[in-house]
Structures are given as structure tokens and as C-alpha cells.
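Engineer:
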């Protein structure tokens with residue numbers, strides 16, 4: 101191979117690496133996947149994750165409060181609802197930190213036991229959350245209930261999830277030729 105071809109290939113490889121490094125630095129030194137995906141969450145320290153979750157929850161609650169245009173009479177019920185949701189989020193963040201500290205299960209049985217425990221905890225938390233939502237929801241007008249329903253559906257979502265035209269979100273399961 102001629103020297104100019106070797107030099108051109110080497111320059112292309114170096115340029116590609118430099119562009120990738122620049123992009124990684126622009127994202128804060130590590131890549132979070134598309135649109136800041138879950139890989140970024142798993143790489144965070146527990147206190148950093150807790151702070152980010154709290155900030156996100158506060159943003160959702162502020163957006164909900166603005167969208168509902170609450171009356172002064174409804175504000176105390178909203179504050180109770182908000183406090184309940186924040187307490188729930190803090191409990192779940194604590195559980196997640198404990199799970200991370202405990203390490204990964206070593207066997208399939210341990211993994212299934214851990215999943216079963218988490219499922220029971222989530223079920224109990226959902227029951228408590230439903231009670232809090234029901235109490236606040238009862239204070240809303242019909243128009244506010246419509247807004248609440250739409251906003252509540254958006255909570256927790258970050259962009260468009262799932263696969264377009266097939267995949268786990270549409271119930272097709274494991275993909276072509278499987279299942």
C-alpha cells in the first residue's frame with residue numbers, strides 16, 4: 101500500500117476518535133445512550149440519582165400545579181398530595197440504594213426472590229399512591245380532572261418509548277421468528 105493511502109487511513113481513524121471524544125465530553129464525560137437513557141442512571145452515585153429524581157419530580161409537580169390552575173381552596177389538598185408523592189419517591193430511592201448496596205443476586209432463585217419482593221413492595225406503594233390520588237382527585241372540577249388525567253399519564257415518561265412497528269411495547273413479544 102502506498103504511503104499516502106496509509107497516512108489518509110490513519111488520519112481518518114484519528115479524526116473519528118477525536119470526534120467521538122469531543123461528543124463524549126460534550127455529554128459530560130460519559131455517554132448516557134440515546135437521549136440520556138438508563139445507562140446514565142446506572143452509572144450515577146446513589147446521592148446523585150436521588151437528587152436528579154427529586155428535581156424531576158419537583159418539575160412534574162410544578163407543571164401539574166400550573167396546568168390545573170388550582171383554586172386557593174384546592175391548594176392544601178394539592179400540597180398533601182405532593183408531600184405523599186415526594187415521600188413515596190424518597191422511600192423508593194432508599195430501596196433502590198439498598199438494592200444497589202446488596203449487590204447482584206448470584207443465582208436464578210435469588211434473582212426471582214428479589215423480583216418477587218420488589219413486586220410486593222411496588223404493589224403496596226401503588227395502593228398508597230392510589231389513595232393519595234383519589235383524595236386529591238375528589239377536590240378537582242370535571243375540567244381539572246381531564247387535565248389531571250392527561251398530565252398524570254405523561255408523568256414518568258421521558259420522550260417516546262418503545263419500538264415503532266414491533267417489539268415488546270406492542271405485545272409482539274420476542275421479535276420475528278420467536279415465540
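Numbering (the working numbering), first residue to last: 101 to 279.
C-beta: ideal position from N, C-alpha, C; glycine also.
(1) Among 181, 165, 176, 185, whose alpha-carbon lies nearest the alpha-carbon of residue 153?
(2) Figure out for me which residue from 172, 167, 176 has the closest Cα to the Cα of residue 236.
(3) Compare the C-alpha of residue 199 against each of 208, 189, 215, 207 and name the closest.
(4) With DSSP as the reference, label residue 241 as helix, strand or coil.
(5) Determine the closest residue to residue 238 out of 158, 173, 163, with distance taken between C-alpha atoms.
(6) Taking only three categories from DSSP, how would you classify residue 173?
(7) Measuring alpha carbon to alpha carbon, tell me which residue in 207, 164, 149 is nearest residue 245.
(8) Can you list the alpha helix (DSSP H) stretches of 4 or more residues lying completely in the stretch 180 to 251, in chain order?
(9) Could you have a look at residue 158 and say whether DSSP puts it in helix, strand or coil?
(10) Nearest-angstrom Cα distance between residue 209 and residue 202?
(11) Does DSSP classify residue 255 as helix, strand or coil?
(12) What's the gap between the Cα of residue 192 and the Cα of residue 243?
(13) Please report the distance separating the alpha-carbon of residue 220 from that of residue 160.
(14) Just mark residue 166 as buried or exposed, buried being the case when its beta carbon has 16 or more other beta carbons within 10 Å.
(15) How would you call residue 252, buried or exposed, if buried means at least 16 neighbouring beta carbons within 10 angstroms?
(16) Mapping the DSSP letters down to three states, classify residue 144 as helix, strand or coil.
(17) Let's test the definition: count the other Cβ atoms within 10 Å of the Cβ of residue 169 and tell me whether it reaches 16, buried, or not, exposed.
(18) Are the CB atoms of residue 229 and residue 188 nearer to each other than 8 Å?
(19) In whole angstroms, what is the alpha-carbon distance linking residue 278 and residue 156?
Structural biologist: The relevant details are as follows:
(1) Here residue 153 refers to the residue found at position 53 when the chain shown is read from its first residue. The candidate whose alpha carbon is nearest that of residue 153 is 185.
(2) Position 136 of the chain shown, counted from the first residue, corresponds to residue 236. Residue 236 has its Cα closest to that of 176, out of 172, 167, 176.
(3) Taking the first residue of the chain shown as 1, we reach residue 199 at position 99. Checked all of 208, 189, 215, 207; the closest Cα to residue 199 is 215.
(4) As a working mapping, residue 241 is identified with position 141 in the chain shown. It is coil, neither helix nor strand.
(5) As a position in the chain shown, residue 238 is number 138, starting the count at 1. The shortest C-alpha separation from residue 238 is found at 173.
(6) Stepping through the chain shown from its first residue, residue 173 is reached at position 73. Residue state, collapsed to three classes: coil.
(7) Taking the first residue of the chain shown as 1, we reach residue 245 at position 145. Measuring from the Cα of residue 245, the nearest candidate turns out to be 164.
(8) 208 to 237
(9) Indexing the chain shown from 1 puts residue 158 at position 58. Of the three classes helix, strand and coil, the one that applies to residue 158 here is helix, per DSSP.
(10) Numbered from its first residue, the chain shown carries residue 209 at position 109. Numbered from its first residue, the chain shown carries residue 202 at position 102. Answer to the nearest angstrom: the Cα atoms are 16 Å apart.
(11) Your numbering for residue 255 matches position 155 in the chain shown. Three-state DSSP puts residue 255 in coil, outside helix and strand.
(12) Taking the chain shown and counting its residues from 1, the one referred to as residue 192 is at position 92. Taking the chain shown and counting its residues from 1, the one referred to as residue 243 is at position 143. Going by the C-alpha atoms only, they are around 32 Å apart.
(13) Position 120 of the chain shown, counted from the start, is the residue given in the question as residue 220. Position 60 of the chain shown, counted from the start, is the residue given in the question as residue 160. When rounded, the distance between both Cα atoms is 26 Å.
(14) By 1-based counting over the chain shown, the position of residue 166 is 66. Flag for residue 166 reads exposed.
(15) Counting from 1 along the chain shown, the entry for residue 252 is found at position 152. It counts as exposed.
(16) The residue you call residue 144 lines up with position 44 of the chain shown. Three-state result, residue 144: coil.
(17) Counting from 1 along the chain shown, the entry for residue 169 is found at position 69. Answer is exposed; the Cβ neighbour count stays below 16.
(18) Here residue 229 refers to the residue found at position 129 when the chain shown is read from its first residue. Here residue 188 refers to the residue found at position 88 when the chain shown is read from its first residue. Contact: yes.
(19) Reading the chain shown from its first residue, position 178 is the one you call residue 278. Reading the chain shown from its first residue, position 56 is the one you call residue 156. At residue 278, the pLDDT of 43 sits below 50, so the modelled position is not reliable; the number obtained from the coordinates is stated separately. Residue 278 and residue 156: Cα-Cα distance of roughly 38 Å.
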